[in-house]
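K.L.:
I'd like to ask some things about the structure below.
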Amino acid sequence: MNGLFIPFLYTPGAQGMHLRGLTGADELSVEANNTSGVLALLRSLSQNGNNGNRFDAAAIVTADRDRVIARLYRTLYGAKISSTLECRGCGQKFDLDFSLDDLLAHCYPAEVSIPDDGMYEPEPGIRFRLPTGEDEIAVEGVDGTTAVNILLKRCMGAGEPEIIGESVQIKMAELAPVLSQEMQAVCPECGLVQQVLFDMQSFFMARLTAERRNLLEEVHLIASHYHWSHREILDLTRTERKHYAFLIAEN
Ligand SMILES: [Zn+2]
308 MNGLFIPFLY TPGAQGMHLR GLTGADELSV EANNTSGVLA LLRSLSQNGN
358 NGNRFDAAAI VTADRDRVIA RLYRTLYGAK ISSTLECRGC GQKFDLDFSL
408 DDLLAHCYPA EVSIPDDGMY EPEPGIRFRL PTGEDEIAVE GVDGTTAVNI
458 LLKRCMGAGE PEIIGESVQI KMAELAPVLS QEMQAVCPEC GLVQQVLFDM
508 QSFFMARLTA ERRNLLEEVH LIASHYHWSH REILDLTRTE RKHYAFLIAE
558 N
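Letter by letter, the sequence shown follows residues 308 to 558 of the working numbering.
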């Protein structure tokens, strides 16, 4: 992965986001599996300079950010999503696989044009903008309903969240579906049908942290062989690092 440009569908005033290649230093810097953690990673991957991004990662609409993460995931790991679940009936472990491309196609929104000020008015009395990372940060650590109400209050241009909040949420989800979906899984052992929640952001962050051991092994291998400094090795892109580690292991 060298560089990527990912177009936005919803973020007013921005065409899309440029990301530079992910390095070992980026992978090691990942700490929290939450929105703050993702924003820190995206900020560090944002390319600066003439062709760079002129906005903060927190200003990206959540539905766009999910698609940025999906593209990043696809570039790093491919389109296949594999996870192992534990059956709620018999306790056996089983695999759930699906394609990220299918999920993206399923979550593709209806044709919408972004209003200049970012405020949508799908029907009289309902006026809102789409939530961003800033809104999520504002409610991090706050409980369910309270968090939803605070978030709605921040995004709504008119009306009370307690009264029309539910309609607003439905409209938001229709306009800009996030990549967080309830899925149906069937246990191959006992046949129990169960609902599983897939969330793009937390799945990506978990995968990135799960690879830490491999990362350290690769750094160790390259350092032992080429005697490059820790910093130099961590500054290689993930692709370069894996390539060198492969070459050393092959010989
Ligand atoms: Zn089962």
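Cβ coordinates follow ideal geometry from the N, Cα and C atoms, glycine included. Note that the structure is a prediction, hence the values are computed from the model and not measured.
I'd like the ranges of any alpha helix (DSSP H) spanning at least 4 consecutive residues and lying wholly in the segment 391–419.
P.N.:
For the segment 391–419, whole alpha helix (DSSP H) runs of length 4 or above, ordered along the chain, are 407–413.
K.L.:
CA-CA distance, residue 356 and residue 544?
P.N.:
Because the pLDDT of residue 356 is 49, which lies under 50, any placement of that residue in the model is unreliable, and the number read from its coordinates should be weighed accordingly. When rounded, the distance between both Cα atoms is 19 Å.
K.L.:
Is the beta carbon of residue 396 within less than 7 Å of some heavy atom of ligand 1?
P.N.:
Flag set: Cβ of residue 396 near ligand 1.
K.L.:
Let me know if residue 553 comes out buried or exposed under the rule of 16 or more other beta-carbons within 10 Å of its beta-carbon.
P.N.:
Exposed, by the Cβ-count rule.
K.L.:
Please look up how many angstroms separate the CB atoms of residue 335 and residue 522, rounded, as I've assumed it's under 8 Å.
P.N.:
About 7 Å separates the two Cβ atoms, so the contact holds.
K.L.:
What separation, rounded to the nearest whole angstrom, lies between the Cα atoms of residue 436 and residue 362?
P.N.:
Taking the straight line from one Cα to the other gives about 17 Å.
K.L.:
Check whether the Cβ atoms of residue 337 and residue 546 sit closer than 8 Å, and answer yes or no.
P.N.:
No, the Cβ-Cβ distance between residue 337 and residue 546 is not below 8 Å.
K.L.:
Under the criterion of a Cβ to heavy atom distance below 7 Å, does residue 497 qualify as lining ligand 1?
P.N.:
Answer for residue 497: yes, Cβ within range of ligand 1.
K.L.:
Measuring CB atoms only, is the segment 315–329 touching the segment 484–501, in the sense that at least three cross pairs come out at less than 8 Å?
P.N.:
Not touching, per the Cβ criterion.
K.L.:
Would you call the CB atoms of residue 374 and residue 364 closer than 8 Å?
P.N.:
Contact: no.
K.L.:
Return the Cβ separation of residue 377 and residue 490 in integer angstroms, given the expectation that the two are a contact with Cβ distance under 8 Å.
P.N.:
At roughly 15 Å, the Cβ-Cβ gap does not stay under 8 Å, so residue 377 and residue 490 are not in contact.
K.L.:
Could you give the C-beta distance for residue 483 and residue 370, rounded to a whole number, given that I count them as a contact under 8 Å?
P.N.:
Sure, about 4 Å apart at Cβ, within 8 Å.
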